[in-house]
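K.L.:
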Amino acid sequence: FISQDGGGASSIVSESSLITDSVDVSVDRSVDKSVDASIDMDDEQAPIVKLVSRFITEAVRNRTSDIHIEPMEDRVVLRYRIDGVCHIRDNLPKRMQPAILARMKLMAGVNIAEKRIPQDGRIKMAVDGEQIDFRVSCCPAYHGESVVLRILRPDAVRIGLKNIGFEQENYDAFMKLIKKPNGILLVTGPTGSGKTTTLYSALDILNRPDRKIITAEDPIEYSFSGINQCQVRDGIGLTFSIILRAMLRQAPNVILIGEIRDREVADIAIQAALTGHLVFSTLHTNDAPSAITRLIDMGVKPYLVASSIQAIMAQRLIRMLCPSCKQIDEKPDTKVLRLVGITEEEARSATVHKAVGWSKCGNVGYKGRKAIFEMMVMNNEIRELAFNRAPLGQIRQAGIRGGMRTLVEDGKIKILRGDTTPEEIARFAQADTLLEGNVDI
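The opening residue of the sequence shown carries number 378 in this note's numbering; numbering runs sequentially from there.
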(Lines of atoms letter the chains of each structure in order from A; the text may use other names.)
(Lines give C-alpha, C1' and ligand atoms only; values in the text may rest on other atoms or scores of the structure.)
Protein backbone atom coordinates (compact mmCIF):
# COMPACT_ATOMS: atom_id res chain seq x y z
CA PHE A 378 0.00 0.00 0.00
CA ILE A 379 3.04 2.33 -0.26
CA SER A 380 3.79 4.16 -3.47
CA GLN A 381 6.24 6.78 -4.65
CA ASP A 382 4.98 10.08 -5.99
CA GLY A 383 6.74 12.09 -8.65
CA GLY A 384 8.81 14.01 -6.12
CA GLY A 385 10.15 10.86 -4.51
CA ALA A 386 8.03 11.12 -1.36
CA SER A 387 6.32 7.98 -0.16
CA SER A 388 2.61 7.78 0.40
CA ILE A 389 0.30 5.01 1.52
CA VAL A 390 -2.61 4.52 -0.80
CA SER A 391 -5.67 2.32 -0.61
CA GLU A 392 -8.78 1.79 -2.68
CA SER A 393 -10.79 3.77 -0.17
CA SER A 394 -10.22 6.39 2.47
CA LEU A 395 -10.17 5.53 6.13
CA ILE A 396 -13.35 7.56 6.59
CA THR A 397 -15.40 5.29 4.33
CA ASP A 398 -17.10 2.14 5.54
CA SER A 399 -15.32 0.01 2.93
CA VAL A 400 -11.96 0.00 4.71
CA ASP A 401 -11.09 -3.62 5.46
CA VAL A 402 -9.84 -3.14 8.99
CA SER A 403 -11.82 -4.98 11.65
CA VAL A 404 -11.59 -3.76 15.21
CA ASP A 405 -12.33 -5.69 18.38
CA ARG A 406 -15.14 -3.92 20.24
CA SER A 407 -13.17 -4.38 23.44
CA VAL A 408 -10.52 -1.98 22.16
CA ASP A 409 -12.28 1.22 23.12
CA LYS A 410 -13.77 -0.24 26.30
CA SER A 411 -10.26 -0.95 27.57
CA VAL A 412 -9.22 2.63 26.89
CA ASP A 413 -11.82 4.61 28.75
CA ALA A 414 -14.50 2.91 30.78
CA SER A 415 -16.50 6.14 31.02
CA ILE A 416 -17.36 6.11 27.31
CA ASP A 417 -20.88 4.80 26.83
CA MET A 418 -22.11 2.64 23.97
CA ASP A 419 -23.64 5.57 22.09
CA ASP A 420 -20.27 7.30 21.99
CA GLU A 421 -18.59 4.11 20.81
CA GLN A 422 -20.75 4.15 17.70
CA ALA A 423 -19.54 7.64 16.74
CA PRO A 424 -17.74 7.88 13.36
CA ILE A 425 -14.65 9.52 14.88
CA VAL A 426 -14.26 6.71 17.42
CA LYS A 427 -14.47 4.15 14.61
CA LEU A 428 -12.03 6.13 12.47
CA VAL A 429 -9.43 6.38 15.24
CA SER A 430 -9.80 2.68 16.05
CA ARG A 431 -9.37 1.84 12.37
CA PHE A 432 -6.16 3.73 11.80
CA ILE A 433 -4.60 2.62 15.10
CA THR A 434 -5.38 -1.02 14.33
CA GLU A 435 -4.16 -0.71 10.77
CA ALA A 436 -0.92 0.94 11.91
CA VAL A 437 -0.18 -1.83 14.40
CA ARG A 438 -0.79 -4.50 11.76
CA ASN A 439 1.54 -2.80 9.30
CA ARG A 440 4.62 -2.69 11.59
CA THR A 441 4.25 1.05 12.20
CA SER A 442 6.42 2.56 14.92
CA ASP A 443 4.76 6.00 15.02
CA ILE A 444 1.41 7.45 13.96
CA HIS A 445 1.55 11.15 13.03
CA ILE A 446 -1.60 13.31 13.00
CA GLU A 447 -0.62 16.66 11.48
CA PRO A 448 -3.09 19.53 10.98
CA MET A 449 -2.43 21.60 7.85
CA GLU A 450 -4.17 24.72 6.58
CA ASP A 451 -6.83 22.83 4.59
CA ARG A 452 -6.59 19.20 5.78
CA VAL A 453 -5.31 16.81 8.43
CA VAL A 454 -2.46 14.58 7.27
CA LEU A 455 -2.23 11.06 8.69
CA ARG A 456 1.20 9.48 8.35
CA TYR A 457 2.72 6.18 9.47
CA ARG A 458 6.42 5.71 10.18
CA ILE A 459 7.38 2.23 9.00
CA ASP A 460 10.96 0.97 9.28
CA GLY A 461 12.11 4.51 10.04
CA VAL A 462 10.47 6.16 7.00
CA CYS A 463 7.28 8.27 7.06
CA HIS A 464 4.49 7.50 4.57
CA ILE A 465 1.25 9.41 4.00
CA ARG A 466 -1.75 7.21 4.81
CA ASP A 467 -4.58 9.66 4.22
CA ASN A 468 -5.56 13.30 3.94
CA LEU A 469 -8.56 13.82 6.21
CA PRO A 470 -11.05 16.71 5.96
CA LYS A 471 -10.12 19.78 8.02
CA ARG A 472 -13.59 19.75 9.65
CA MET A 473 -12.69 16.48 11.40
CA GLN A 474 -9.66 17.99 13.14
CA PRO A 475 -11.29 19.05 16.46
CA ALA A 476 -13.03 15.71 16.93
CA ILE A 477 -9.95 13.63 16.07
CA LEU A 478 -7.72 15.60 18.42
CA ALA A 479 -10.31 15.49 21.21
CA ARG A 480 -10.66 11.73 20.82
CA MET A 481 -6.90 11.18 20.92
CA LYS A 482 -6.48 13.38 23.99
CA LEU A 483 -9.38 11.68 25.77
CA MET A 484 -7.83 8.26 25.14
CA ALA A 485 -4.43 9.49 26.34
CA GLY A 486 -5.85 10.93 29.55
CA VAL A 487 -4.68 14.51 28.96
CA ASN A 488 -6.55 17.80 29.23
CA ILE A 489 -8.82 18.11 26.19
CA ALA A 490 -9.30 21.85 26.64
CA GLU A 491 -5.60 22.67 26.91
CA LYS A 492 -4.21 23.60 23.49
CA ARG A 493 -1.48 26.09 24.39
CA ILE A 494 1.20 23.84 25.88
CA PRO A 495 2.62 20.39 25.05
CA GLN A 496 1.09 17.40 26.82
CA ASP A 497 2.13 13.77 27.14
CA GLY A 498 -0.05 10.77 27.86
CA ARG A 499 -0.41 7.04 27.38
CA ILE A 500 -2.96 4.70 25.86
CA LYS A 501 -3.29 0.98 26.50
CA MET A 502 -5.56 -0.96 24.18
CA ALA A 503 -6.00 -4.41 22.68
CA VAL A 504 -5.28 -4.90 18.99
CA ASP A 505 -5.89 -8.37 17.56
CA GLY A 506 -5.86 -9.79 21.07
CA GLU A 507 -2.51 -8.22 22.02
CA GLN A 508 -2.18 -5.48 24.64
CA ILE A 509 -0.34 -2.55 23.08
CA ASP A 510 0.96 0.58 24.81
CA PHE A 511 1.01 3.92 23.00
CA ARG A 512 3.03 6.92 24.16
CA VAL A 513 1.17 10.05 23.08
CA SER A 514 2.70 13.49 22.50
CA CYS A 515 0.57 16.59 21.80
CA CYS A 516 2.38 19.71 20.62
CA PRO A 517 0.84 23.09 19.63
CA ALA A 518 1.50 24.01 15.99
CA TYR A 519 0.43 26.83 13.67
CA HIS A 520 -2.61 25.03 12.20
CA GLY A 521 -3.53 23.10 15.35
CA GLU A 522 -2.05 20.53 17.68
CA SER A 523 0.21 17.88 16.20
CA VAL A 524 -0.25 14.46 17.80
CA VAL A 525 2.21 11.57 17.61
CA LEU A 526 1.55 8.07 18.92
CA ARG A 527 4.65 5.93 19.56
CA ILE A 528 3.63 2.27 19.38
CA LEU A 529 5.29 0.22 22.12
CA ARG A 530 4.93 -3.50 21.50
CA PRO A 531 5.69 -5.55 24.62
CA ASP A 532 7.43 -8.26 22.60
CA ALA A 533 9.79 -5.75 20.96
CA VAL A 534 12.24 -5.86 23.88
CA ARG A 535 12.06 -9.62 24.28
CA ILE A 536 13.13 -10.64 20.80
CA GLY A 537 16.55 -11.60 22.17
CA LEU A 538 19.95 -10.02 21.71
CA LYS A 539 20.84 -12.42 18.90
CA ASN A 540 17.88 -11.19 16.87
CA ILE A 541 18.55 -7.45 17.02
CA GLY A 542 21.55 -7.51 14.70
CA PHE A 543 24.61 -8.63 16.67
CA GLU A 544 27.32 -10.44 14.76
CA GLN A 545 28.65 -13.39 16.77
CA GLU A 546 31.86 -11.68 17.91
CA ASN A 547 30.03 -8.61 19.22
CA TYR A 548 27.32 -10.78 20.76
CA ASP A 549 29.86 -12.82 22.72
CA ALA A 550 31.61 -9.65 23.91
CA PHE A 551 28.34 -8.00 24.95
CA MET A 552 27.16 -11.07 26.86
CA LYS A 553 30.47 -11.11 28.73
CA LEU A 554 30.16 -7.41 29.56
CA ILE A 555 26.63 -7.53 30.96
CA LYS A 556 27.66 -10.29 33.37
CA LYS A 557 30.41 -8.22 34.98
CA PRO A 558 29.76 -7.31 38.63
CA ASN A 559 30.43 -3.58 38.23
CA GLY A 560 31.33 -0.79 35.86
CA ILE A 561 29.48 1.31 33.29
CA LEU A 562 28.23 0.07 29.93
CA LEU A 563 27.18 2.95 27.68
CA VAL A 564 25.04 2.65 24.55
CA THR A 565 25.18 5.66 22.24
CA GLY A 566 23.28 6.87 19.21
CA PRO A 567 20.60 9.34 18.15
CA THR A 568 16.95 9.14 19.15
CA GLY A 569 15.28 6.15 17.52
CA SER A 570 18.45 4.11 17.05
CA GLY A 571 17.27 1.19 19.20
CA LYS A 572 19.24 1.95 22.38
CA THR A 573 16.28 1.20 24.66
CA THR A 574 15.60 -2.14 22.97
CA THR A 575 19.23 -3.18 23.40
CA LEU A 576 19.40 -2.25 27.08
CA TYR A 577 15.99 -3.73 27.90
CA SER A 578 17.04 -6.95 26.18
CA ALA A 579 20.11 -7.00 28.42
CA LEU A 580 17.98 -6.42 31.53
CA ASP A 581 15.66 -9.22 30.45
CA ILE A 582 18.64 -11.59 30.52
CA LEU A 583 19.81 -10.33 33.93
CA ASN A 584 16.33 -10.27 35.47
CA ARG A 585 16.66 -13.16 37.91
CA PRO A 586 15.52 -13.62 41.54
CA ASP A 587 19.11 -13.34 42.82
CA ARG A 588 19.61 -9.84 41.35
CA LYS A 589 18.00 -6.55 42.31
CA ILE A 590 17.56 -4.26 39.30
CA ILE A 591 16.41 -0.63 39.52
CA THR A 592 15.86 1.81 36.65
CA ALA A 593 15.46 5.57 36.39
CA GLU A 594 13.66 6.42 33.15
CA ASP A 595 12.02 9.35 31.39
CA PRO A 596 9.64 7.98 30.33
CA ILE A 597 9.19 4.33 31.26
CA GLU A 598 8.56 2.75 27.87
CA TYR A 599 8.06 -0.89 28.81
CA SER A 600 6.97 -2.43 32.10
CA PHE A 601 9.04 -5.35 33.44
CA SER A 602 7.95 -7.81 36.09
CA GLY A 603 10.65 -8.20 38.74
CA ILE A 604 12.35 -4.85 38.04
CA ASN A 605 11.85 -1.67 40.08
CA GLN A 606 11.26 1.07 37.50
CA CYS A 607 11.24 4.71 38.60
CA GLN A 608 9.69 7.48 36.48
CA VAL A 609 11.50 10.83 36.40
CA ARG A 610 9.10 13.70 37.16
CA ASP A 611 10.89 17.00 36.74
CA GLY A 612 7.69 18.94 37.42
CA ILE A 613 7.70 17.88 41.07
CA GLY A 614 11.46 17.86 41.45
CA LEU A 615 11.92 14.10 41.03
CA THR A 616 14.97 14.30 38.80
CA PHE A 617 17.40 11.65 37.60
CA SER A 618 19.92 12.67 40.26
CA ILE A 619 17.44 12.47 43.15
CA ILE A 620 16.21 9.04 42.03
CA LEU A 621 19.77 7.78 41.60
CA ARG A 622 20.83 8.87 45.08
CA ALA A 623 17.82 7.05 46.50
CA MET A 624 18.65 3.99 44.37
CA LEU A 625 22.09 3.64 45.92
CA ARG A 626 20.42 3.21 49.32
CA GLN A 627 18.28 0.36 47.93
CA ALA A 628 21.23 -2.04 47.57
CA PRO A 629 20.77 -2.83 43.85
CA ASN A 630 23.03 -5.08 41.79
CA VAL A 631 22.15 -3.49 38.46
CA ILE A 632 21.12 0.11 37.68
CA LEU A 633 19.72 1.43 34.41
CA ILE A 634 19.84 5.20 33.87
CA GLY A 635 17.70 6.24 30.92
CA GLU A 636 20.16 8.91 29.81
CA ILE A 637 23.21 10.71 31.18
CA ARG A 638 22.20 14.30 30.55
CA ASP A 639 24.57 16.29 32.74
CA ARG A 640 27.60 16.13 35.01
CA GLU A 641 25.58 15.51 38.17
CA VAL A 642 23.98 12.37 36.76
CA ALA A 643 27.32 11.26 35.28
CA ASP A 644 29.08 11.67 38.64
CA ILE A 645 26.44 9.58 40.44
CA ALA A 646 26.61 6.88 37.76
CA ILE A 647 30.40 6.72 38.14
CA GLN A 648 30.11 6.62 41.93
CA ALA A 649 27.70 3.70 41.61
CA ALA A 650 30.02 1.84 39.23
CA LEU A 651 33.04 2.35 41.48
CA THR A 652 31.17 1.08 44.54
CA GLY A 653 30.25 -2.30 43.10
CA HIS A 654 27.22 -1.73 40.87
CA LEU A 655 26.74 -2.59 37.20
CA VAL A 656 25.38 0.52 35.48
CA PHE A 657 23.73 0.76 32.06
CA SER A 658 23.01 4.10 30.43
CA THR A 659 22.84 6.00 27.13
CA LEU A 660 24.41 9.06 25.56
CA HIS A 661 23.67 10.96 22.37
CA THR A 662 26.96 10.70 20.45
CA ASN A 663 27.71 9.76 16.86
CA ASP A 664 30.10 6.93 17.66
CA ALA A 665 31.55 4.98 20.57
CA PRO A 666 34.84 6.90 21.09
CA SER A 667 32.96 10.22 21.22
CA ALA A 668 31.31 9.16 24.49
CA ILE A 669 34.63 9.55 26.31
CA THR A 670 35.19 13.10 25.10
CA ARG A 671 31.53 13.96 25.75
CA LEU A 672 31.77 12.94 29.41
CA ILE A 673 35.00 14.88 29.87
CA ASP A 674 33.41 17.92 28.18
CA MET A 675 30.56 17.64 30.72
CA GLY A 676 33.13 18.20 33.45
CA VAL A 677 33.68 14.62 34.59
CA LYS A 678 37.27 14.10 35.74
CA PRO A 679 39.21 12.07 33.13
CA TYR A 680 40.56 9.58 35.69
CA LEU A 681 36.98 8.75 36.73
CA VAL A 682 35.96 8.17 33.10
CA ALA A 683 39.00 5.95 32.56
CA SER A 684 38.45 3.87 35.69
CA SER A 685 34.67 3.37 35.62
CA ILE A 686 33.69 2.59 32.01
CA GLN A 687 33.83 -1.03 30.87
CA ALA A 688 32.67 -0.53 27.29
CA ILE A 689 30.88 1.86 24.94
CA MET A 690 28.67 0.68 22.10
CA ALA A 691 27.27 2.87 19.33
CA GLN A 692 24.37 1.64 17.23
CA ARG A 693 22.04 2.56 14.38
CA LEU A 694 18.97 0.89 12.89
CA ILE A 695 19.08 -0.11 9.24
CA ARG A 696 16.33 -1.44 6.98
CA MET A 697 16.58 -5.07 5.99
CA LEU A 698 15.86 -6.21 2.44
CA CYS A 699 12.55 -7.93 1.84
CA PRO A 700 13.62 -11.58 1.39
CA SER A 701 10.80 -12.27 -1.06
CA CYS A 702 11.60 -9.60 -3.65
CA LYS A 703 15.26 -8.63 -3.29
CA GLN A 704 17.35 -9.04 -6.42
CA ILE A 705 21.03 -9.20 -7.24
CA ASP A 706 22.33 -5.80 -8.30
CA GLU A 707 24.21 -6.45 -11.54
CA LYS A 708 25.54 -2.88 -11.74
CA PRO A 709 26.01 -1.51 -8.21
CA ASP A 710 27.16 2.08 -7.83
CA THR A 711 30.94 1.86 -7.41
CA LYS A 712 31.01 5.20 -5.60
CA VAL A 713 28.60 3.88 -2.97
CA LEU A 714 30.51 0.60 -2.69
CA ARG A 715 33.72 2.52 -2.09
CA LEU A 716 31.98 4.59 0.55
CA VAL A 717 30.99 1.50 2.54
CA GLY A 718 34.46 -0.03 2.30
CA ILE A 719 33.87 -2.58 -0.46
CA THR A 720 37.01 -2.64 -2.60
CA GLU A 721 37.08 -3.19 -6.36
CA GLU A 722 38.47 -6.68 -5.79
CA GLU A 723 35.69 -7.51 -3.31
CA ALA A 724 33.08 -6.05 -5.67
CA ARG A 725 34.17 -8.40 -8.47
CA SER A 726 33.60 -11.50 -6.36
CA ALA A 727 30.85 -10.33 -3.99
CA THR A 728 27.10 -10.49 -4.56
CA VAL A 729 25.32 -7.23 -3.76
CA HIS A 730 21.53 -7.02 -3.62
CA LYS A 731 19.10 -4.18 -4.33
CA ALA A 732 15.62 -3.30 -3.10
CA VAL A 733 12.79 -3.98 -5.57
CA GLY A 734 9.43 -3.98 -3.81
CA TRP A 735 6.14 -5.84 -4.04
CA SER A 736 2.79 -5.88 -2.26
CA LYS A 737 3.96 -7.84 0.80
CA CYS A 738 6.57 -5.20 1.72
CA GLY A 739 4.53 -2.18 0.64
CA ASN A 740 6.46 -1.81 -2.63
CA VAL A 741 9.53 -0.40 -0.90
CA GLY A 742 11.80 -3.45 -1.04
CA TYR A 743 12.60 -3.41 2.66
CA LYS A 744 10.93 -5.24 5.53
CA GLY A 745 11.95 -4.85 9.15
CA ARG A 746 15.02 -3.32 10.75
CA LYS A 747 18.06 -4.52 12.63
CA ALA A 748 20.95 -2.74 14.28
CA ILE A 749 24.55 -2.25 13.30
CA PHE A 750 27.00 -1.88 16.17
CA GLU A 751 30.35 -0.31 17.03
CA MET A 752 31.64 -1.78 20.29
CA MET A 753 34.69 -0.31 22.00
CA VAL A 754 35.80 -2.36 25.01
CA MET A 755 38.07 -0.37 27.30
CA ASN A 756 41.69 -1.53 27.54
CA ASN A 757 44.82 -0.06 29.11
CA GLU A 758 45.69 2.00 26.02
CA ILE A 759 42.23 3.58 25.77
CA ARG A 760 42.12 4.23 29.52
CA GLU A 761 45.47 6.00 29.37
CA LEU A 762 44.32 8.13 26.42
CA ALA A 763 41.15 9.08 28.31
CA PHE A 764 43.17 9.92 31.43
CA ASN A 765 45.41 12.23 29.36
CA ARG A 766 42.51 13.91 27.50
CA ALA A 767 43.74 12.61 24.15
CA PRO A 768 42.04 13.83 20.95
CA LEU A 769 39.07 11.87 19.64
CA GLY A 770 41.00 10.56 16.63
CA GLN A 771 43.63 8.92 18.82
CA ILE A 772 40.97 7.26 20.97
CA ARG A 773 39.21 5.99 17.86
CA GLN A 774 42.39 4.50 16.40
CA ALA A 775 43.16 2.84 19.74
CA GLY A 776 39.69 1.33 19.73
CA ILE A 777 40.23 -0.08 16.22
CA ARG A 778 43.59 -1.53 17.28
CA GLY A 779 41.78 -3.11 20.21
CA GLY A 780 39.35 -4.91 17.91
CA MET A 781 36.55 -2.36 17.51
CA ARG A 782 34.54 -2.89 14.33
CA THR A 783 33.09 0.42 13.13
CA LEU A 784 29.42 0.93 12.27
CA VAL A 785 30.26 0.89 8.57
CA GLU A 786 32.33 -2.29 8.87
CA ASP A 787 29.49 -3.99 10.74
CA GLY A 788 27.12 -2.83 8.01
CA LYS A 789 29.46 -4.13 5.31
CA ILE A 790 29.07 -7.65 6.72
CA LYS A 791 25.30 -7.36 6.35
CA ILE A 792 25.65 -6.04 2.78
CA LEU A 793 27.83 -8.94 1.66
CA ARG A 794 25.49 -11.41 3.36
CA GLY A 795 22.54 -10.00 1.39
CA ASP A 796 20.71 -8.57 4.41
CA THR A 797 20.70 -4.94 3.27
CA THR A 798 21.88 -2.60 0.52
CA PRO A 799 25.01 -0.45 0.21
CA GLU A 800 22.75 2.62 0.08
CA GLU A 801 21.43 1.90 3.60
CA ILE A 802 24.92 1.74 5.09
CA ALA A 803 26.17 4.69 3.03
CA ARG A 804 23.99 6.97 5.16
CA PHE A 805 26.38 6.36 8.06
CA ALA A 806 29.52 5.87 6.01
CA GLN A 807 29.83 9.32 4.47
CA ALA A 808 30.50 11.21 7.70
CA ASP A 809 33.07 8.65 8.86
CA THR A 810 34.84 8.64 5.50
CA LEU A 811 35.06 12.41 5.36
CA LEU A 812 36.51 12.51 8.87
CA GLU A 813 39.14 9.92 8.02
CA GLY A 814 39.84 11.36 4.56
CA ASN A 815 40.07 7.91 3.00
CA VAL A 816 37.77 8.34 0.03
CA ASP A 817 37.47 11.08 -2.55
CA ILE A 818 33.76 11.81 -2.93
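Glycine included, every Cβ here is placed at the ideal spot set by N, Cα and C.
List in chain order: all unbroken alpha helix (DSSP H) runs of 4+ residues lying wholly within the stretch 634-701.
P.N.:
640-651, 667-675 and 679-685
K.L.:
Shortest alpha-carbon distance to G537 belongs to which of T574, V504 and S600?
P.N.:
T574
K.L.:
Ignore the nearest five residues each way along the sequence and tell me which others in G569's own chain have a CB closer than 6 Å to its CB.
P.N.:
none
K.L.:
Going by DSSP, which residues form a beta bridge with R458?
P.N.:
D443 and C463
K.L.:
Who are the Cβ neighbours of P596 in its own chain at under 6 Å, not counting the five residues just before and after it?
P.N.:
Once the five neighbours on either side are set aside, P596 has no close Cβ partner at all.
K.L.:
May I ask you to report which of helix, strand or coil DSSP gives D710?
P.N.:
coil
K.L.:
Are the beta-carbon atoms of A668 and L655 separated by less than 8 Å?
P.N.:
L655 sits away from A668, with the two beta carbons spaced by 8 Å or more.
K.L.:
Kindly identify the DSSP beta-bridge partner or partners of I590.
P.N.:
Partner(s): V631.
K.L.:
Please report the distance separating the alpha-carbon of A479 from that of I489.
P.N.:
6 Å
K.L.:
Buried or exposed: where does P448 fall if 16 or more other Cβ atoms within 10 Å of its Cβ makes it buried?
P.N.:
buried
K.L.:
Scan the stretch 544-585 and note each continuous beta strand (DSSP E) run of 3 residues or more that stays entirely inside, going in chain order.
P.N.:
560-565
K.L.:
Can you tell me which of S578, V524 and V525 puts its alpha carbon nearest to the alpha carbon of Y548?
P.N.:
Check the Cα spacing between Y548 and each of S578, V524 and V525: the tightest is with S578.
K.L.:
Between which two residues does the alpha helix (DSSP H) holding G742 run?
P.N.:
Here G742 belongs to no alpha helix (DSSP H), and DSSP marks it neither H nor E.
K.L.:
Just verifying my parser: in three-state terms, what is the DSSP assignment at A423?
P.N.:
coil
K.L.:
Taking 8 Å as the threshold, find out whether the stretch 428-444 comes into contact with the stretch 453-464 through three or more Cβ pairs.
P.N.:
yes
K.L.:
Report the three-state DSSP secondary structure of N605 (helix, strand or coil).
P.N.:
strand
K.L.:
Would you mind stating whether E859 and S658 have Cβ atoms separated by less than 8 Å?
P.N.:
Only positions 378 to 818 of the chain appear in the structure, and residue 859 is not among them; the question remains open.
K.L.:
Take A806 and list the residues in its own chain whose beta-carbon comes closer than 6 Å to its own, dropping the five residues that flank it on each side.
P.N.:
L716, V717 and V785
K.L.:
Can you give me the start and stop residues for the beta strand (DSSP E) that I528 sits inside?
P.N.:
Where I528 is concerned, the enclosing beta strand (DSSP E) stretches over S523 to L529.
K.L.:
Mind checking which residues open and close the alpha helix (DSSP H) that includes R725?
P.N.:
Counting along the chain, the alpha helix (DSSP H) containing R725 begins and ends at E721 to S726.
K.L.:
Measure the Cβ-Cβ separation of P709 and P768 and say whether it is below 8 Å.
P.N.:
no
K.L.:
Report the rounded CA-to-CA distance for I582 versus L576, giving the unit in angstroms.
P.N.:
10 Å
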